[in-house]
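These notes are about the structure you will find just below.
Number of protein chains: 2
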Amino acid sequence: MPQSPVIRAAYRARAAAAEIAPLPRSVKDDVLLAIADALEVRTAEIVEANAEDVARAREAGTGATVIDRLTLTPERIRAIAGDVRDVAALPDPVGEIVRGSTLPNGIDLRQVRVPLGVVGIIYEARPNVTVDAAALCLKAGNAVLLRGSSSASASNLALVTVLRDAVGGAGLPADSVQLVPGEGREPVRELMRARGMVDVLIPRGGASLIRTVVEEATVPVIETGTGNCHVYVDAETDLAMAVEILINSKAQRPSVCNAAETLLVHQDVAEAFLPLALRALAEAGVTVHGDERVRELAERVDSGATVVEATAEDWETEYLSHDIAAAVVDSLDAAVAHIRLWSSGHTEAIVTTSQAAARRFTQLVDSTTVAVNASTRFTDGGQFGFGAEIGISTQKLHARGPMGLPELTSTKYVVTGDGHVRGGPRPSR
Amino acid sequence: MPQSPVIRAAYRARAAAAEIAPLPRSVKDDVLLAIADALEVRTAEIVEANAEDVARAREAGTGATVIDRLTLTPERIRAIAGDVRDVAALPDPVGEIVRGSTLPNGIDLRQVRVPLGVVGIIYEARPNVTVDAAALCLKAGNAVLLRGSSSASASNLALVTVLRDAVGGAGLPADSVQLVPGEGREPVRELMRARGMVDVLIPRGGASLIRTVVEEATVPVIETGTGNCHVYVDAETDLAMAVEILINSKAQRPSVCNAAETLLVHQDVAEAFLPLALRALAEAGVTVHGDERVRELAERVDSGATVVEATAEDWETEYLSHDIAAAVVDSLDAAVAHIRLWSSGHTEAIVTTSQAAARRFTQLVDSTTVAVNASTRFTDGGQFGFGAEIGISTQKLHARGPMGLPELTSTKYVVTGDGHVRGGPRPSR
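So, in structure tokens, the structure goes:
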């Protein structure tokens with residue numbers, strides 16, 4: 001028998017997954033409602049554990065923003081419980097017939113959604129991910145192995161304790177929800193190499209975490225990558241709309257993956273658009289990293305914008321701050337070429353009044369999302385109507401873009417005959 | 001600029017993929033028809049190159065079966081060309097709207113199928129895979145990088161030359177189809193680590209190849225794994241049907257992945273069923289590796305069957321030969337437990353007259369395919385009506401079971417608004 005705590009946890013998760021996979025939605029929803037209630041009832045216990053983490057973070061000199069992300073208040077716990085109840089209200093993807101037909105020989109073929117099995121989530125920062133991810137995984141019939149940030153270890157332990165008690169109290173195996181045990185990097189490495197026991201890994205966090213997991217894991221990974229998103233303003237455009245979409249994409253919430261990081265402007269509209277854009281960006285407190293043509297125009301305009309020189313690094317940088325790279329391009333195709341070269345493949349927006357331009361941009365751009373006359377900020381499971389989101393995948397296999405409950409499932413085929421055999425006569429029954 | 005031939009080939013493939021991704025079906029079909037014609041016109045050239053490979057194999061003392069798989073005759077080339085024309089006749093998955101809706105705020109959301117991009121195929125043996133894989137990839141708008149067996153190197157080079165000439169002659173980039181250059185293992189290793197340039201790897205071959213690729217690749221892999229398939233004969237069953245399905249699953253074509261490798265028999269029907277099964281297996285020339293209860297019964301019956309003792313190794317072995325492991329189980333749930341422990345997750349069949357048993361088995365078994373009263377041999381893209389098959393995936397992400405054209409695609413979202421921004425008023429337009 002394997003001795004490692006991580007492998008033993010994976011075995012327990014596998015056993016739990018086998019038990020919960022066939023459960024109907026009503027049973028799973030009852031568990032989620034029990035979880036929501038338990039979170040509210042045991043708020044004091046969670047807040048107390050969280051206070052330990054916050055105190056440790058303060059002693060370590062952690063910045064105020066990070067401490068705020070780490071902090072769980074009774075209000076926040078109530079909101080988290082509300083989110084769990086929302087997941088209970090969502091349709092169950094498990095059991096959906098994706099496709100079906102009767103084959104020429106009379107066999108009935110069905111492709112049906114099934115749980116993935118054991119989902120591993122490796123995440124940084126906010127402890128509410130512990131609950132959100134567990135709720136989504138359970139709803140889709142999966143067991144979950146959670147590896148959070150060490151800075152939130154007491155909070156995550158308290159939350160998982162509450163989750164496990166609620167799950168077990170509702171009659172399901174408590175091991176449907178587990179923390180990955182052990183300190184340091186070795187447990188994470190074992191988790192990443194546990195192919196066959198863990199069905200998928202979803203890393204959520206910074207580029208460094210994602211890269212490590214993608215490179216080292218033998219377990220299939222869903223890459224939730226960076227968002228080096230672009231806004232392209234076409235020659236034929238509505239100037240006012242372009243400014244609104246630019247500012248919303250960049251500055252409404254700069255620290256998230258669907259915030260725009262680069263502005264591309266068709267040369268034919270640069271003279272008319274850039275002055276408006278620079279002024280608006282200045283008002284929004286955004287520093288512009290401009291190419292030669294942008295800088296040249298900025299010098300002739302009194303916009304109040306801070307404009308610095310863009311280097312190659314700027315084109316590939318996800319600033320996540322009040323900064324934007326900006327360039328004038330010769331054509332729509334040149335914009336597409338720039339995007340192909342530099343984009344992380346998350347979201348690219350075009351603002352245009354030309355139907356042909358919208359169509360061409362949409363055809364040629366290969367990212368998770370192409371936005372036409374809309375902000376890049378809409379790339380979001382909630383905005384897409386999914387009801388919940390486990391992350392935004394920037395890879396092409398299995399899931400691409402915002403991921404909801406169906407992305408936490410696999411499928412299987414069910415073939416039903418009357419004694420059908422290959423190469424034989426069709427049964428007369 | 002990177003110097004490696006493999007990386008340069010990947011860059012060329014990427015550029016070709018960008019060019020062919022937006023092409024409509026009619027253009028792609030014309031290319032496929034040109035390929036089919038070219039294969040027929042240049043048959044002599046292909047046969048001549050193939051003769052080199054066959055001669056080398058003979059000198060190396062290669063067995064007759066393998067040499068036969070390696071051999072390309074004019075008839076076989078004609079059949080391959082016919083398969084390419086069949087692919088041209090299939091629907092194009094690219095451009096399919098997977099789902100779409102109008103969001104509450106008026107934004108139109110569409111999820112549309114797009115090519116994966118650059119597909120890498122690493123394969124052993126049969127040179128027709130060179131053409132089949134290229135045709136399927138092209139149809140789905142992908143560029144393909146092919147790495148075949150060194151034993152078929154001259155054949156594959158000749159085939160790819162014909163393919164590239166046909167593709168280029170039809171006005172598409174010849175680099176849509178390339179062989180991975182270079183000798184030995186290093187080019188394959190580079191291909192496997194070319195994440196970001198190659199979008200997916202599909203290894204087709206023996207367990208050792210699959211394992212190497214799965215463990216070493218950073219490029220996403222679709223695992224086409226082994227088929228340790230099971231036939232379970234339930235307490236309530238049609239004995240004659242069970243014998244037919246058993247023999248067809250095991251012996252109709254033992255060397256393929258969807259052939260059955262283990263028979264499980266409910267104890268309540270063992271006395272009635274096993275004598276019939278053993279006689280039929282004996283007639284089919286199949287050696288039975290039986291557990292204690294199977295062997296005990298076999299001794300009391302004059303079946304003519306060769307029955308040897310099964311060890312733990314037998315339960316996990318994919319024989320691909322005239323061998324089958326056999327055990328008597330206490331119950332349906334015991335059969336499911338055995339399958340969970342030993343199966344490679346390919347195909348499991350139940351033969352039963354009980355609707356409840358069929359339902360329970362179908363719910364509890366987690367493999368690519370569950371067959372009810374049908375042979376395991378139906379797990380096949382052609383049989384499922386896909387028109388073509390790139391392989392059978394035994395993994396859970398992206399594709400599971402027989403893979404057709406849609407599995408060679410990804411998706412992207414298209415979000416269309418009228419100037420919509422997050423947190424802002426809905427545009428009045």
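Just so you know, the sequences run in chain order B and X.
Be aware that the first sequence starts at 1, since it is given in full-length UniProt numbering, and climbs by one per residue.
Be aware that the second sequence starts at 1, since it is given in full-length UniProt numbering, and climbs by one per residue.
Every residue, glycine too, gets a C-beta built ideally from N, C-alpha and C.
query	result
Proximal residues to R429 of chain B (C-beta, below 6 Å), its chain only, five neighbours per side dropped	Only weak support is given to the placement of R429 of chain B: the predicted model assigns it a pLDDT of 49, under 50, and the value that follows is read from those uncertain coordinates. Cβ within range, chain order: D418.
D366 of chain X at chain B interface by Cβ criterion, 8 Å	yes
Listed by chain order, chain X residues near M241 of chain B by CB distance under 7 Å	G419
Secondary structure, alpha helix (DSSP H): runs of 4+ residues fully inside the stretch 203 to 280 of chain X	207 to 216 and 239 to 251
Range of the contiguous beta strand (DSSP E) that encloses H289 of chain B	T287 to G290
Where N373 of chain X meets chain B, residues with beta-carbon distance less than 8 Å	T416, G417, D418, G419 and H420
Neighbour flag for L397 of chain B against chain X, beta carbons, 8 Å	yes
E142 of chain X vs V119 of chain X beta-carbon contact at 8 Å	One detail in the question is off: residue 142 of chain X reads as Asn in this sequence, not Glu. Cβ atoms of N142 of chain X and V119 of chain X: closer than 8 Å.
8 Å Cβ cutoff, A18 of chain B in contact with chain X	yes
Where the alpha helix (DSSP H) through residue 444 of chain B begins and ends	The structure shown has nothing for residue 444 of chain B, since chain B only spans 1 to 429.
Chain-order list of residues whose beta-carbon lies under 7 Å from that of A358 of chain B (same chain, five-residue window excluded)	I350, T352 and V372
Reference R377 of chain X; option with closest CA among X:P275, X:F361 and X:N228	X:N228
Contacts of T226 of chain B in chain X (Cβ-Cβ under 8 Å)	Those within 8 Å of T226 of chain B in chain X number zero; the least Cβ separation is about 13 Å.
Cross-chain neighbours of S393 of chain X in chain B, by beta carbon under 9 Å	The premise fails here: S393 of chain X is roughly 10 Å from chain B at the closest Cβ pair, so nothing lies under 9 Å.
Touching by the beta-carbon criterion (3+ pairs, under 8 Å), the stretch 329 to 341 of chain B and the stretch 297 to 314 of chain B	no
DSSP three-state assignment for M197 of chain X, whether helix, strand or coil	coil
Three-state secondary structure (DSSP) of K396 of chain B	coil
Straight-line Cα distance separating S303 of chain B from L263 of chain B	17 Å
One or two residues paired with M403 of chain B in a DSSP bridge	B:G391
Cutoff 8 Å: N248 of chain B Cβ touching any chain X Cβ	yes
Chain X contact residues for A21 of chain B, given Cβ-Cβ distances below 9 Å	Q363, L364 and D366
Nonlocal neighbours in the same chain, by C-beta distance under 6 Å from R204 of chain B, ignoring five residues either side	Y123, T224 and G391
Segment limits, beta strand (DSSP E) that includes R99 of chain B	I97 to T102
Paired residues, beta bridge with L109 of chain B - DSSP	B:S101 and B:V415
R377 of chain X at chain B interface by Cβ criterion, 8 Å	yes
Beta carbon of E96 of chain B nearer than 8 Å to that of R113 of chain B	yes
8 Å contact criterion, which L172 of chain B and L405 of chain B should meet: CB distance rounded	Not confirmed; about 18 Å, so no contact.
Start-to-end residues for the alpha helix (DSSP H) that takes in G169 of chain B	S153 to G169
Contact with chain B by L263 of chain X, beta-carbon distance below 8 Å	no
Spatial distance of W315 of chain B from D132 of chain X (CA atoms)	40 Å
Residues of its chain near E216 of chain B, where Cβ-Cβ distance is below 6 Å and the 5 sequence neighbours each way are ignored	M192
Bridge partners - S410 of chain X, DSSP secondary structure assignment	X:V114
Assumed close pair V177 of chain X, V160 of chain X - CB separation to whole angstroms, cut-off 8 Å	6 Å
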